[in-house]
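Asks:
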């Protein structure tokens with residue numbers, strides 16, 4: 026696994042996120058109220074809404090288009106909706122955020 030430096034926690038909006046372009050597509054980097062960072066594909070399984078523009082509460086992101094709720098640890102839509110997004114590993118060293126990507130060459 027290759028680790029991509031994303032910057033400091035403070036560069037990710039609290040209760041929101043941003044996205045990064047990677048060889049695996051756009052990945053939403055999201056920060057909750059406790060400074061926990063999550064990484065998921067930046068595309069809601071419903072209509073492709075940009076999850077990086079959604080609202081974060083706990084371990085849930087609310088899609089900005091139709092308010093679908095996605096569990097950020099499992100990548101699964103919350104009932105009654107169905108669908109999932111890919112999740113990616115994240116690590117924090119100091120205040121630096123790192124994104125784990127499989128099969129990426131430096």
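Residue numbers (my numbering): 26 to 131. Don't be surprised by glycine CBs; every beta carbon is placed ideally from N, CA and C.
1. Ordered along the chain, which non-local residues of its own chain (more than five positions away) have a Cβ less than 6 Å from that of residue 78?
2. Could you check whether residue 54 and residue 37 sit closer than 7 Å to each other, using their CB atoms as the reference points?
3. For residue 46 and residue 68, I'd like the C-alpha separation in whole angstroms.
4. Give me the Cα-Cα distance between residue 100 and residue 33, rounded to the nearest whole angstrom.
5. Using 7 Å as the threshold, is the C-beta distance between residue 94 and residue 81 below it?
6. Tell me, please, which residues DSSP counts as bridged to residue 109.
7. May I have the straight-line CA-CA distance separating residue 70 from residue 110, to the nearest angstrom?
8. Please name the residue, chosen from 96, 49 and 108, that lies closest to residue 62 on a Cα-to-Cα basis.
Replies: Straight from the coordinates:
1. 89
2. yes
3. 12 Å
4. Each residue's Cα considered, the two are about 24 Å apart.
5. With respect to the 7 Å criterion, residue 94 and residue 81 are not classified as neighbours on the basis of their beta carbons.
6. Paired residue(s): 101.
7. 7 Å
8. When each option's Cα is compared against that of residue 62, the closest is 96.
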